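Peer 1: Below are the structure tokens for one structure; questions will follow.
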Amino acid sequence: GLKKHFAMESPIPFRKSTQSVKAVDGVSFDVFPGETLGIVGESGCGKSTMARLVNQLITPSGGTVEFKGENLVGMEGKKLRDYRKSIQMVFQDPFASLDPRKTIGQLIAEPLVIHSIGNKETRSARVKELLEVVGLSEYHAERYPHEFSGGQRQRINIARALALNPDVIICDEPVSALDVSVQAQVINLLKQLQKEYNLTYIFISHDLNVVKYMCDRIAVMYLGKIVEMGTYNDLYDHPKHPYTKALLSAIPKESPHDKKERIILTGSVPSPINPPSGCHFHERCPVALDICKTVVPELKETGNGHVASCHLLKDN
Ligand code: SF4
Ligand code: MG
Numbered sequence: 010g011l012k013k014h015f016a017m018e019s020p021i022p023f024r025k026s027t028q029s030v031k032a033v034d035g036v037s038f039d040v041f042p043g044e045t046l047g048i049v050g051e052s053g054c055g056k057s058t059m060a061r062l063v064n065q066l067i068t069p070s071g072g073t074v075e076f077k078g079e080n081l082v083g084m085e086g087k088k089l090r091d092y093r094k095s096i097q098m099v100f101q102d103p104f105a106s107l108d109p110r111k112t113i114g115q116l117i118a119e120p121l122v123i124h125s126i127g128n129k130e131t132r133s134a135r136v137k138e139l140l141e142v143v144g145l146s147e148y149h150a151e152r153y154p155h156e157f158s159g160g161q162r163q164r165i166n167i168a169r170a171l172a173l174n175p176d177v178i179i180c181d182e183p184v185s186a187l188d189v190s191v192q193a194q195v196i197n198l199l200k201q202l203q204k205e206y207n208l209t210y211i212f213i214s215h216d217l218n219v220v221k222y223m224c225d226r227i228a229v230m231y232l233g234k235i236v237e238m239g240t241y242n243d244l245y246d247h248p249k250h251p252y253t254k255a256l257l258s259a260i261p262k263e264s265p266h267d268k269k270e271r272i273i274l275t276g277s278v279p280s281p282i283n284p285p286s287g288c289h290f291h292e293r294c295p296v297a298l299d300i301c302k303t304v305v306p307e308l309k310e311t312g313n314g315h316v317a318s319c320h321l322l323k324d325n
């Protein structure tokens with residue numbers, strides 16, 4: 010069979026203060042080496058929570074998150090340290106994620122220091138190398154974060170994420186805070202690095218336009234559930250779920266023959282503490298049926314690994 014990096018099984022509720030919040034519910038997906046899996050949805054849909062589960066930043070109270078066949082839940086000791094090295098994260102806000110009192114060199118070397126890798130000289134050589142890899146210069150090592158633009162700071166964050174030679178990088182809205190022209194540069198850099206180092210990306214975004222350039226496969230999330238998953242082309246040409254159709258209708262058309270009508274969704278993503286019954290999407294769905302209020306639709310395969318959960322889908 011295919012080798013996979015990640016396999017995530019549902020359900021994975023987790024605890025937050027005293028309420029049990031099902032921010033990620035019934036999620037199941039695989040991620041394969043060298044691919045980019047996009048996770049798309051409006052804010053509040055559980056995308057970042059899922060990323061934090063994968064990165065073991067939060068502990069689920071059930072379910073499994075497997076990495077290369079090993080369950081991450083409950084992993085400790087050397088195994089956990091090795092896992093932490095092989096998976097890194099790049100966050101949305103390139104300003105907040107860099108300590109303003111540290112030099113760029115110190116910031117990029119930090120993961121090496123934390124994992125006791127190398128000495129002062131080898132680390133400084135590695136920093137220079139990484140700065141060049143992300144399109145900056147070794148002379149930037151002595152400078153401070155405030156001296157850089159948003160795009161440059163995101164390059165610095167990427168250099169830091171690369172320091173430990175990871176297999177996987179989780180990118181949580183990595184370009185959302187940047188100007189459109191700068192977004193393209195950072196995306197091109199990520200793609201180039203992926204080729205060079207055979208990196209696997211989990212790319213979280215609310216922006217299907219960005220995801221289009223980046224992702225091999227896409228998972229669409231709504232209120233903690235994956236409602237549709239498939240290749241970008243399958244999703245774009247033949248979206249099955251009404252929520253995916255609405256998201257797609259909001260992005261600019263690729264050709265004048267494209268007949269997709271803009272679908273405007275009313276309301277926002279409901280609270281995960283008290284999700285709607287039946288299909289979580291029924292209150293906002295323009296084509297909801299009576300059954301949708303009471304019965305949860307299952308994810309169904311529609312061919313070619315394309316899955317969706319909607320009562321309107323016919324059985325094959
Ligand atoms: Fe809409 Fe019903 Fe399909 Fe949910 S199951 S997306 S409410 S038609
Ligand atoms: Mg988020």
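In case it helps, full-length UniProt numbering puts the sequence shown at residues 10 to 325. Where a beta carbon is used, it is the ideal one built from N, C-alpha and C, also for glycine. Just so you know, these numbers come straight off a predicted model, no measurement behind them.
Tell me whether V305 sits in a helix, a strand or coil according to DSSP, three-state version.
Peer 2: Looking at V305 - three-state DSSP - the assignment turns out to be coil, as it is neither helix nor strand.
Peer 1: Please say whether L116 and I165 have beta carbons closer to each other than 8 Å?
Peer 2: A contact, by the Cβ cut-off of 8 Å.
Peer 1: Give me the Cβ distance between L232 and V49, rounded to the nearest whole Å; I'm assuming they're in contact under 8 Å.
Peer 2: The pair is not a contact, with the Cβ atoms about 14 Å apart (cut-off 8 Å).
Peer 1: Taking the alpha carbon of T275 as the reference point, which residue from I196, N128, E51 has its own alpha carbon closest?
Peer 2: Of I196, N128, E51, the residue nearest in Cα terms is E51.
Peer 1: Is the closest heavy atom of ligand 1 to the C-beta of H315 under 7 Å?
Peer 2: Flag unset: Cβ of H315 not near ligand 1.
Peer 1: Between R228 and ligand 1, is the CB less than 7 Å from at least one heavy atom?
Peer 2: A small correction: the amino acid at residue 228 is Ala; Arg does not occupy that position in the sequence shown. False, no ligand heavy atom lies under 7 Å from that Cβ.
Peer 1: Are there any heavy atoms of ligand 1 lying less than 7 Å away from the beta-carbon of H247, as far as the coordinates show?
Peer 2: Outside the cutoff, so no.
Peer 1: Take P248 as the anchor and find which of K234, P261, V229 has the nearest alpha-carbon.
Peer 2: The candidate whose alpha carbon is nearest that of P248 is V229.
Peer 1: If you draw a straight line from the C-alpha of D243 to the C-alpha of V136, how long is it?
Peer 2: Computed Cα separation, rounded: 41 Å.
Peer 1: Taking 7 Å as the cut-off, is the C-beta of H291 nearer than that to any heavy atom in ligand 1?
Peer 2: Yes, Cβ of H291 sits closer than 7 Å to a heavy atom of ligand 1.
Peer 1: Whether or not the region 133-151 and the region 84-92 are in contact is what I'm after, with contact meaning three or more pairs of Cβ atoms, one per stretch, closer than 8 Å; do they touch?
Peer 2: Cβ pair count under 8 Å is below three, so no.
Peer 1: Would you mind stating whether K309 and L298 have Cβ atoms separated by less than 8 Å?
Peer 2: Cβ atoms of K309 and L298: not closer than 8 Å.
Peer 1: Can you grab the Cα-Cα spacing for the pair G78 / Q192, in whole Å?
Peer 2: Taking the straight line from one Cα to the other gives about 34 Å.
Peer 1: Do you know how far the Cα of F290 is from the Cα of E141?
Peer 2: Rounded to whole angstroms, E141 to F290 spans 46 Å at the Cα level.
Peer 1: Which residue wins for smallest C-alpha separation from F38, given the options S95, C319, G314?
Peer 2: Residue G314 is the option with its Cα nearest to F38.
Peer 1: Pick helix, strand or coil for S101, following the three-state DSSP scheme.
Peer 2: The residue asked about is misnamed: residue 101 is Gln in this sequence, not Ser. Coil.
Peer 1: Between M98 and A186, how many whole angstroms is the CB-CB distance? I'm expecting something under 8 Å.
Peer 2: With 8 Å as the limit, M98 and A186 do not qualify as a contact, their Cβ atoms being about 15 Å apart.
Peer 1: Would V40 be called buried (16 or more neighbouring beta carbons within 10 Å of its own) or exposed?
Peer 2: V40 should be labelled buried.
Peer 1: Can you tell me where the beta strand (DSSP E) with R226 in it begins and where it stops?
Peer 2: 226-231 is the span of the beta strand (DSSP E), which, as asked, contains R226.
Peer 1: Can you determine whether any heavy atom of ligand 1 sits closer than 7 Å to the C-beta of V278, and answer yes or no?
Peer 2: False, no ligand heavy atom lies under 7 Å from that Cβ.
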